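Colleague: Position one of the sequence shown corresponds to residue 1 (our numbering), numbered consecutively onward. The beta carbon of each residue, even a glycine, is placed where N, CA and C say it ideally should be. Just so you know, these numbers come straight off a predicted model, no measurement behind them.
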Amino acid sequence: MIHIIGGGLAGSEAAWQAASLGVPVVIHEMRPVRATAVHKTGRLAELVCSNSFRGDKLDNAVGLLKEEMRRLGSIVMRAADAHRVPAGAALAVDRGRFAQAVTDAVSGHPLITVSREEVTRLPHDPAMFPLIVATGPLTSEPLSADIAAFVGAGHLYFYDAISPIVLAETIDMAKVFRASRWDRSLLDAGDGDYLNCPLTAEEYDRFYDALVTAESATVHDFDKERFFEGCLPIEVMAHRGRDTLRFGPMKPIGLVDPRTGRMAYAVVQLRQDNLAGDHYSLVGFQTQLKWGEQARVLRMIPGLEQAEFVRFGMVHRNTYINAPRVLRETWQTKARSDLFFAGQISGVEGYVESAASGLIAGRNAAALVRGDAPRVPPRTTAIGALAYYVSHADPRDYQPTNITFGIMASPGQGPAPQRAAGAPTPPAAWGGGVRAGDPARRARDRKLAMAERALRALDDWIAQAEVAPASLRAT
Ligand SMILES: Cc1cc2nc3c(=O)[nH]c(=O)nc-3n(C[C@H](O)[C@H](O)[C@H](O)COP(=O)(O)OP(=O)(O)OC[C@H]3O[C@@H](n4cnc5c(N)ncnc54)[C@H](O)[C@@H]3O)c2cc1C
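(1) If I measure Cβ to Cβ from L195 and keep anything under 7 angstroms in the same chain, skipping five residues before and after, which residues do I get?
(2) Starting from H392, follow the alpha helix (DSSP H) in both directions and report where the run begins and ends.
(3) How is the alpha helix (DSSP H) around Y351 delimited, first residue to last?
(4) What does the alpha-carbon distance come out to for the pair D460 and A365?
(5) Could you spell out where the alpha helix (DSSP H) holding E68 opens and where it closes?
(6) Whose C-beta lies closer than 6 angstroms to the C-beta of Q332 among residues of the same chain, with five residues either side of it excluded?
(7) For F340, which of helix, strand or coil comes out of DSSP?
(8) Under 7 angstroms Cβ to Cβ from R97, same chain only, skipping five residues before and after it: list those, please.
(9) Rounding to the nearest angstrom, what Cα-Cα distance links V297 and V315 in this structure?
(10) From R453 to S52, what distance separates their C-alpha atoms?
(11) Use the C-beta contact count for D394: other C-beta atoms within 10 angstroms, 16 or more gives buried, fewer gives exposed.
(12) Taking the alpha-carbon of P400 as reference, which of A451, L122, S346, I383 has the nearest alpha-carbon?
(13) Which residues does DSSP list as the beta-bridge partners of C197?
(14) Excluding the 5 residues flanking A19 on each side, which residues of the same chain have their C-beta closer than 7 angstroms to its C-beta?
(15) Give me, in chain order, the residues of the same chain whose beta-carbon lies closer than 6 angstroms to that of T103; leave out the 5 immediate sequence neighbours on both sides.
(16) According to the neighbour-count rule (16 or more other Cβ atoms, all chains shown, within 10 Å of its Cβ), is A373 buried or exposed?
(17) Identify which residue in L359, R78, G358, P302 has its Cα closest to the Cα of Y204.
(18) Whole-angstrom Cβ separation of F312 and A61, contact assumed at under 8 angstroms?
(19) For Q294, name the three-state secondary structure that DSSP assigns.
(20) Please go through the same chain and pick out, in chain order, the residues whose beta-carbon is closer than 7 angstroms to the beta-carbon of A416, but skip the five residues on each side of it.
(21) If we ignore side chains and look at the alpha-carbon of each, how far apart do E46 and V106 end up?
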């Protein structure tokens, strides 16, 4: 018997996979007994925001991930395909019918029991293991506190702070200078990793006045909660004092403008977005200002007067563990092999990725019950690459990740590259957000080749699983 806390996208998929392997499951889901700040119904796998599962073509990494999930018998994909609505190259669903279909399938499965209750502590009873924690970004507070005690308080995060991103071609390069703080750019003028927007005292004052009077967005109640010092919105910092930003994200120290040989009064740094080389994010500029206000105020920064924003900043509740510190590639915890994390709380980002992690966690929890070894598809597959990335990324400043071709190994290459610490995560890919333009033909062909290779590798992996002797124990 497996227990799963949370009947969202990850928990429902995990339950379905385990039950499909003949292992009984209990899902402990707190809704509708206890609500979250964003869910509206008591249905399993409710989509909390957009109704889009993003791209559905094989030259798109999330399209590949979905195809892999279909081949692995995903209930989330089966329900999504059955209830799709027109959305061009994306897969969008009728949210009500989708969640109802998952609810009917999961709760109607003879091996799955759904228990409507909040779990407030990680269980101690050995009968509750294998256990999968899939309580999502809005994990209830008492359980969050207990998880923090288990993983270590420093390895559980509660908020996601996202800085705005601008299109590189809309930055006025004549006004900015390239340099890294305190490095050789001081000697080799103009050779650094960041684009820096210098402000004079007058420009800073005008920017500051606009910032403290701009209108904030009030999205959900949880956004009113106390912020952690590490991800304070810039407007909150600004309200602490006129110079707070000059000693924080706008500090000029160590940044010499090669054109003047001097440090500016204040500086806004732009860092290239690793995942899209033509995008730059504003470093440390997480903000809750209304989007129109963000555009107005941030365009007061020299060099950004004509900036086009491909993503606006936000701060939202997002409970997730520092996965590379806590998890193995199999979604088991390093500390306890019969305890798994899956879904957004496990350090992935997005509906599809959450369900994908649940898919593997459910199979592996079932493997433990059956006396088999936990397995993960090869790293050349999207689902395997996600598992590898989450458990092996740089743990410093870890942020939940979407699937991208960038974290998969290219043909002829070794394991997937790691994203640098602090590189922005791309939740803009949530439906309706940022859209990459049409990729060049060669890039598209390369992605299609990676997708073909991934699907071949996955088919082989599935075939091996089927012929492998299942040392079935009584369940
Ligand atoms: C505000 C917001 C908007 C988002 N919008 C998008 C989007 O548009 N597109 C996208 O791809 N991703 C989005 N995400 C990210 C993520 O994909 C979703 O949150 C997704 O639902 C995560 O799936 P999950 O299974 O991990 O968690 P969930 O789907 O949230 O499932 C977790 C379940 O656990 C239950 N639970 C929580 N605590 C307990 C407890 N103590 N005991 C029992 N049950 C409990 C909850 O009721 C819930 O049903 C968004 C996240 C947030 C916070």
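Modeller: With the given structure in hand:
(1) Setting aside the 5 residues that flank it on each side, L195 is surrounded in the same chain by I171, V176, R178, L270, Y280, each with a C-beta closer than 7 angstroms to its C-beta; the list follows chain order.
(2) Unbroken alpha helix (DSSP H) run through H392: 382-392.
(3) DSSP places Y351 in the uninterrupted alpha helix (DSSP H) bounded by 351-370.
(4) So the two alpha carbons sit approximately 22 angstroms from each other.
(5) Here the alpha helix (DSSP H) through E68 covers 61-71.
(6) So the list reads F340, once near-sequence residues are dropped.
(7) Three-state result, F340: strand.
(8) Result list for R97: H83, in chain order.
(9) For V297 and V315, the distance between alpha carbons rounds to 17 angstroms.
(10) Approximately 26 angstroms between the Cα atoms of the pair.
(11) Taking a 10 Å sphere around the C-beta of D394, we find fewer than 16 other C-beta atoms and assign the residue as exposed.
(12) Comparing Cα positions, the closest option is S346.
(13) DSSP lists V268 as the bridge partner or partners of C197.
(14) Counting only residues of its own chain and dropping the five nearest sequence neighbours on each side, A19 has a CB closer than 7 angstroms to the CB of V25, H109, L111, I112.
(15) Cβ contact annotation for T103 (same chain, cutoff 6 angstroms, sequence separation greater than five): R43, L44, in chain order.
(16) Exposed.
(17) Cα-wise, what sits closest to Y204 is P302.
(18) Their Cβ separation, rounded to whole angstroms, is 23 angstroms, which puts F312 and A61 out of contact at 8 angstroms.
(19) Q294 carries a helical assignment under DSSP once its states are collapsed to helix, strand and coil.
(20) At A416, the pLDDT of 46 sits below 50, so the modelled position is not reliable and the matter cannot be decided from this model.
(21) One C-alpha to the other measures close to 13 angstroms.
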